[in-house]
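Below is one structure, written out as structure tokens; comments come after it.
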Amino acid sequence: MTPQPEKDCTNRGWIALTALIAVLAVISLIPPQRIGGVTLRRANILSDILSFEDAAAEAAEPALFDEDDFHVDMAQVARRIEAERIEADTAPRPVQTIFEWLLRQDSSGRRAVVPDTVRLNPALVAIEQFAPADSGRLRAFYDTLLYARRPVRIAVLGDSFIEGDILTADLREKLQSAFGGSGTGFAPMASPLTGFRRTIRTQSRGWNAYNIMQRRNAPAPCRERFYVSGWVCRPSAGASVKWECTDAKRHLDSCGRARILFISRTESRVAVTLDNRERREFEIAGDEAVREIDVLGRMGSLTLEVLSGSDGFYGYGAWFEDTAGVTVDNYSVRSNNGQALFWTAPGVNAQINALLGYDLVILQYGLNLLQSGVHAYGGYGRQIENMIAYVRQCFPTAAVLVMSVSDRSERTDQGFVSMSSAPSMAQAQRQAARNAGAAFWSTYEAMRSLGGMARFVQNGWAGKDFTHINYAGGQRVAWSLYDAMLSGAQAARERERICTASDNVIEETLALRVDSLFHGIAPAVISGTR
Numbered sequence: 000m001t002p003q004p005e006k007d008c009t010n011r012g013w014i015a016l017t018a019l020i021a022v023l024a025v026i027s028l029i030p031p032q033r034i035g036g037v038t039l040r041r042a043n044i045l046s047d048i049l050s051f052e053d054a055a056a057e058a059a060e061p062a063l064f065d066e067d068d069f070h071v072d073m074a075q076v077a078r079r080i081e082a083e084r085i086e087a088d089t090a091p092r093p094v095q096t097i098f099e100w101l102l103r104q105d106s107s108g109r110r111a112v113v114p115d116t117v118r119l120n121p122a123l124v125a126i127e128q129f130a131p132a133d134s135g136r137l138r139a140f141y142d143t144l145l146y147a148r149r150p151v152r153i154a155v156l157g158d159s160f161i162e163g164d165i166l167t168a169d170l171r172e173k174l175q176s177a178f179g180g181s182g183t184g185f186a187p188m189a190s191p192l193t194g195f196r197r198t199i200r201t202q203s204r205g206w207n208a209y210n211i212m213q214r215r216n217a218p219a220p221c222r223e224r225f226y227v228s229g230w231v232c233r234p235s236a237g238a239s240v241k242w243e244c245t246d247a248k249r250h251l252d253s254c255g256r257a258r259i260l261f262i263s264r265t266e267s268r269v270a271v272t273l274d275n276r277e278r279r280e281f282e283i284a285g286d287e288a289v290r291e292i293d294v295l296g297r298m299g300s301l302t303l304e305v306l307s308g309s310d311g312f313y314g315y316g317a318w319f320e321d322t323a324g325v326t327v328d329n330y331s332v333r334s335n336n337g338q339a340l341f342w343t344a345p346g347v348n349a350q351i352n353a354l355l356g357y358d359l360v361i362l363q364y365g366l367n368l369l370q371s372g373v374h375a376y377g378g379y380g381r382q383i384e385n386m387i388a389y390v391r392q393c394f395p396t397a398a399v400l401v402m403s404v405s406d407r408s409e410r411t412d413q414g415f416v417s418m419s420s421a422p423s424m425a426q427a428q429r430q431a432a433r434n435a436g437a438a439f440w441s442t443y444e445a446m447r448s449l450g451g452m453a454r455f456v457q458n459g460w461a462g463k464d465f466t467h468i469n470y471a472g473g474q475r476v477a478w479s480l481y482d483a484m485l486s487g488a489q490a491a492r493e494r495e496r497i498c499t500a501s502d503n504v505i506e507e508t509l510a511l512r513v514d515s516l517f518h519g520i521a522p523a524v525i526s527g528t529r
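If you read the sequence shown in numbering that gives the first Met the number 0, its first letter stands for residue 0, the second for the next number, and so on.
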């Protein structure tokens, strides 16, 4: 039997490839679709040579959030805050809000403040204040820092850049060394991230911790009670939490005051133990108000137990501080670009601020939105203005300082280079602060003055992702921010000195003029009256 010649199928491969390219080309003409709440992007295999208007718009500025309910009506938020504030101010409170446990008081008071003038980093990146210096809120913060005998409280709201007390630990240490104070500030009741933090040790049992970034998975009552910390914790029967001070930084091994904040909608009973030896129980009547257990006395550890009434209990955390000096609270929320602020409860924020009293709120955001090749961040800048307005409505006693995005590197053919979009983001943040009359400090310029992200990675100050600093890098950035704060405080002090000296000169000049007016005629007047 004669063998049949083999068929040549080479052309079929080219035909299949051509057909596939034709199908993909047709698909690329289909505009973006939305199916079941999910947006499907255009599949454009010819993106290098063919562009569409919707693709250009997408590249112009990154989306803030994929969630449908993101839109923020600031007028509605303002009305909600005002309504809750009026209700809190006018509603009768038949129950006790603050529970004090006074053990021992430190009678030494606040020592004289004479901060060192030596900068920790060679280049000074100053804090920019766009409102008039003598009438701005930042000036009030400097005056409080220099002269107040009460605690000075700073809140730092940010993302994973400061997670685990990175940056804030060193800022706290330098401020407490210069102006007094002790304690690590805020620590939540429970969180899966507590093991990452070195400045306080937290051991929790029987708590469910809910994060605001996954708020849809939280029970409905929790969604209406989030604080700017980003956490709400619900206890089971017999739940407990123990906080222990550490020596990770100076001034943290003990503190003179601890404040436990929570909501007890129903009657509950809790126990607080100081240093594993002194214990006291508190009977809490049911109410919607934020409650505080204020423990005054030197301590190295504190334990809270929920003995009964766990069903209506919502825990926020404890604040470790002193009766004077500086407290710095770290409120980091991973993957948050600042928009989660609008998901917090303004009434809770305002009540906690009424108890604690913030002098400065720092906003550190933007890293999660930074994208290579993107230079248009005007939309995000407008959202920052809304954040500033929201913070001022919830924390009316505080000045607001916007920190710019940090330096960040990306891989190119020439190796890792600074991301060109970072200065654009920083400028949008600066303009937002200017428009809102807030203060601004450039984290980007501070890092660049120290060699930039590439130098940070080289020195072991940042991770190999060329995005996140570590504790060593946080120390350098904190030193730069401390230098800026100290410079601002010194300038405020100098202005005060000049104004005082000027007033004294005016008073002396006026006295001399009065003397000259009566010189030579006063004796005659006097003799005429005898």
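By construction, the Cβ of each residue, glycine as well, lies at the ideal position given by its N, Cα and C atoms. Treat the numbers as computed from the prediction; the structure is a model and nothing was measured.
Item: Is it right to say Gly472 is buried, meaning 16 or more other beta carbons lie within 10 angstroms of its own, or is it exposed?; Value: buried
Item: Answer yes or no: do Gly257 and Ala317 have a C-beta to C-beta separation smaller than 7 Å?; Value: Per the sequence shown, the amino acid found at residue 257 is Ala instead of Gly. Result yes, Cβ atoms of Ala257 and Ala317 sit closer than 7 Å.
Item: Which whole-angstrom value is the C-beta distance of Arg279 and Trp478, which I expect to be below 8 Å?; Value: Not quite, the Cβ-Cβ distance comes to about 41 Å (not below 8 Å), so this is no contact.
Item: How many Å lie between Leu260 and Asp328 at the Cα?; Value: 14 Å
Item: Please look up how many angstroms separate the CB atoms of Ala425 and Val404, rounded, as I've assumed it's under 8 Å.; Value: 6 Å
Item: Per DSSP, which residues does Leu362 bridge with? Please list them.; Value: Leu156 and Val401
Item: Specify the secondary structure class of Ser417 as computed by DSSP and reduced to three states.; Value: strand
Item: To which residues of the same chain is Arg433 closer than 6 Å at the C-beta, ignoring the five residues directly before and after it?; Value: Phe129
Item: Could you compute how far the alpha carbon of Arg454 sits from the alpha carbon of Glu127?; Value: 26 Å
Item: Assign Met484 to one of three DSSP states: helix, strand, or coil.; Value: helix
Item: Please give the ranges of any alpha helix (DSSP H) in the region 318-364, keeping only runs that are unbroken, at least 4 residues long and fully inside the region.; Value: 345-355
Item: So for Gly473, helix, strand or coil by DSSP?; Value: helix
Item: What does Val390 pair with, by DSSP beta-bridge criteria?; Value: DSSP, once it has assigned bridges, lists no residue as partnering Val390.
Item: Can you tell me whether Phe195 is buried or exposed, with buried defined as 16 or more other CB within 10 angstroms of its CB?; Value: exposed
Item: Glu320: which of Gly356, Gly372 and Gly255 sits nearest, CA to CA?; Value: Gly255
Item: Please name the residue, chosen from Phe439, Ala208, Val227 and Leu369, that lies closest to Tyr389 on a Cα-to-Cα basis.; Value: Val227
Item: Quick check: what's the CA-CA separation for Gln175 versus Gln428?; Value: 29 Å
Item: Have a look at Gly378 and Asn469 and give me their C-alpha separation to the nearest angstrom.; Value: 30 Å
Item: Give the straight-line distance between the Cα atoms of Ala445 and Phe160, rounded to the nearest whole angstrom.; Value: 15 Å
Item: Of the residues Ala189, Val94, Trp242 and Val360, which one's Cα is nearest the Cα of Met298?; Value: Trp242
Item: Taking the straight line between their C-alpha atoms, what separation do you get for Ser483 and Ala397?; Value: Note that residue 483 is Ala in the sequence shown here, rather than Ser. Distance between the alpha carbons of Ala483 and Ala397: 18 Å.
Item: Could you tell me which residues DSSP pairs with Val298 in its beta bridges?; Value: This sequence places Met at residue 298; Val is not what is there. Answer is Cys254, bridged to Met298.
Item: Give a yes or no on whether the C-beta atoms belonging to Leu251 and Thr183 are separated by under 7 Å.; Value: yes
Item: Among the residues of its own chain, which have a CB less than 7 Å from the CB of Arg447, if the five just before and after it don't count?; Value: Asp406
Item: Do the CB positions of Glu162 and Ser307 come within less than 7 Å of each other?; Value: no
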